[in-house]
Amino acid sequence: MLLTPTAALARLPRVPLAFLPTPISPLPNLSRYLGGPELFIKRDDQTGLATGGNKARKLEFLLGHAVEAGADTLITAGSAQSNHARQTAAAAAQQSLRCHLVLRGQPPEFPNGNLLLDHLLGATIHWTDEAAPYSRTIERVEEELFAAGGHPYIIPYGGSSPHGIMGYVTAMIEYAAQAAALGAFDAHVFATSSGGTQAGMVLGAHLAGLGSATRILGISVDRPRDAVAADVASLASQGAALLGADWRIDARDILIDDGYRGDGYAVIGEPEREVIALLARTEGILLDPVYTGRAMAGLIDLIRQGTFASSERVLFWHTGGVPALFAFPGDLEGAF
Ligand SMILES: Cc1ncc(COP(=O)(O)O)c(C=O)c1O
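Using the working numbering, the first residue of the sequence shown is number 1, and each one after it goes up by one.
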């Protein structure tokens, strides 16, 4: 029997890890401060799993796949302050799996932010100076685990694989039901980096019948537009194939603004400082300095440039990352 894509999605192995659905709330004070548009926020910083974030959704499907494959250990990689690494360590602990993290850089004297949580969550940490995707170090760790009789499962950088993006396919279906109750939104804005979140959203919007005019705008935190768009389109198309859907998307149809990358990944500048303080003081909401602070700074700049009519309804999708706030105290001085 041929399954529909949504039936195929429901049959994929999935481990419940996240608190879902995440709420959508209005941002009345910020909207008033900016003079419109009408702003809303979807709180994926409240997904749970060691302080929340977008990776909780991806990890539900990644762990489903890993457990089905008989894995006893997860391996993943990221920066020293990787939110993905922290949530992978939490998911492993919850499922009684071991977790090995390959992190870029040198061990600091005192771990803080996400790195402190990685240690508390019991992950084994391997430091590397290799540039992403750190493949040689990952391969070495994998070989050592195999040699010791283990069954490692490698989760790609950012959790962005065809299985991982299913977390955001289901998120978009969840969102479509909320939008039906709350009224439609004109644009959806969020931080994009490895592209898996956006790929899942784009494919999910298609499966939820939201129509190709739905504006799903990623603010790139690090890479140039074309590189991210190519990855988003490729991941979304591979995800569609995993679900047996006859659908592809072209990179030219992926909406990405790469004009807010400042001085590079995790280099905190004045725009991030301004909006982190602004959101905290107008709405009591915390953004992180690397991803959501940068994405919100982009959104606010687009608003100030008149990109959105004041009557439009714009949804900011908060993707988490808050523990990183505690790793950049010096860079945030000036925000308070
Ligand atoms: C807080 C936060 N927001 C957004 C992103 C970007 O998500 P993606 O890598 O799926 O594009 C990440 C990824 O690391 C993240 O940690």
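Glycine included, every Cβ here is placed at the ideal spot set by N, Cα and C.
Do residue j and residue i have their beta-carbon atoms positioned less than 8 Å apart in this structure?
| i | j | result |
| --- | --- | --- |
| Leu235 | Ile165 | yes |
| Ser237 | Arg248 | yes |
| Ala176 | Ala227 | no |
| Ala132 | Tyr153 | no |
| Leu101 | Asp129 | no |
| Val275 | Ile300 | yes |
| Gly183 | Arg313 | yes |
| Asp258 | Ser220 | yes |
| Ser310 | Pro37 | yes |
| Leu17 | Ala56 | yes |
| Gly218 | Lys58 | no |
| Thr307 | Asn54 | no |
| Arg261 | Asp222 | yes |
| Ala89 | Ala123 | yes |
| Leu30 | Thr282 | yes |
| Gly195 | Ser160 | yes |
| Arg11 | Leu2 | no |
| Pro5 | Leu243 | yes |
| Tyr291 | Ala230 | no |
| Arg215 | Asp250 | no |
Roughly how many whole angstroms lie between the Cα atoms of residue i and residue j?
| i | j | result |
| --- | --- | --- |
| Thr305 | Phe328 | Sequence inspection shows Gln at residue 305; the Thr mentioned does not correspond to that position. So the two alpha carbons sit approximately 29 Å from each other. |
| Gln94 | Leu62 | 14 Å |
| Gly321 | Ala92 | 19 Å |
| Arg104 | Leu20 | 32 Å |
| Ala85 | Arg43 | 20 Å |
| Ala8 | Thr197 | 20 Å |
| His285 | Glu272 | One point to set straight first is that residue 285 is Ile, not His, in the sequence displayed. The alpha-carbon atoms of Ile285 and Glu272 are separated by roughly 14 Å. |
| Ala81 | Gly293 | The displayed chain sequence assigns Gln, not Ala, to residue 81. Whole-angstrom Cα-Cα distance: 15 Å. |
| Leu145 | Arg136 | 14 Å |
| Tyr33 | Ala233 | 36 Å |
| Asp288 | Ile254 | 25 Å |
| Gly113 | Ala324 | 5 Å |
| Ile303 | Ala245 | 36 Å |
| Trp127 | Pro111 | 13 Å |
| Thr73 | Leu121 | 14 Å |
| Phe336 | Ala277 | 7 Å |
| Ala50 | Asn83 | 10 Å |
| Glu68 | Thr22 | 27 Å |
| Arg107 | Arg140 | The sequence shown places Pro at residue 107, not Arg. Taking the straight line joining both Cα atoms gives about 19 Å. |
| Met172 | His206 | 9 Å |
| Ala180 | Glu109 | 50 Å |
| Gln46 | Asp331 | 25 Å |
| Tyr265 | Ser193 | 10 Å |
| Gly211 | Ser79 | 36 Å |
Would you grab the beta carbon distance between residue i and residue j for me? Rounded to a whole angstrom, and I think it's under 8 Å.
| i | j | result |
| --- | --- | --- |
| Ile75 | Ile155 | 7 Å |
| Ile41 | Phe316 | 5 Å |
| Ala346 | Gly239 | Because the chain spans 1 through 336 in this model, residue 346 falls outside it and cannot be assessed. |
| His163 | Ala71 | His163 to Ala71, Cβ: 13 Å. No contact. |
| Gly52 | Pro13 | Their Cβ separation, rounded to whole angstroms, is 23 Å, which puts Gly52 and Pro13 out of contact at 8 Å. |
| Ala295 | Val202 | Not really, about 17 Å apart at Cβ, beyond 8 Å. |
| Tyr134 | Ala77 | 4 Å |
With a threshold of 7 Å, establish whether the CB of residue i neighbours any heavy atom of ligand 2.
| i | result |
| --- | --- |
| Gly64 | Ligands displayed in this structure: ligand 1; ligand 2 is not among them. |
Please go through the segment 28-62 and give each complete alpha helix (DSSP H) segment of 4 or more residues, from N-terminal end onward.
28-34
Residue ranges of each alpha helix (DSSP H) run of no fewer than 4 residues wholly in the segment 156-204, ordered along the chain?
166-182
Uninterrupted alpha helix (DSSP H) stretches inside the segment 199-271 (no shorter than 4 residues):
225-242
Pick out the complete alpha helix (DSSP H) segments inside the segment 95-133, 4 residues or longer, and give them in chain order.
113-120
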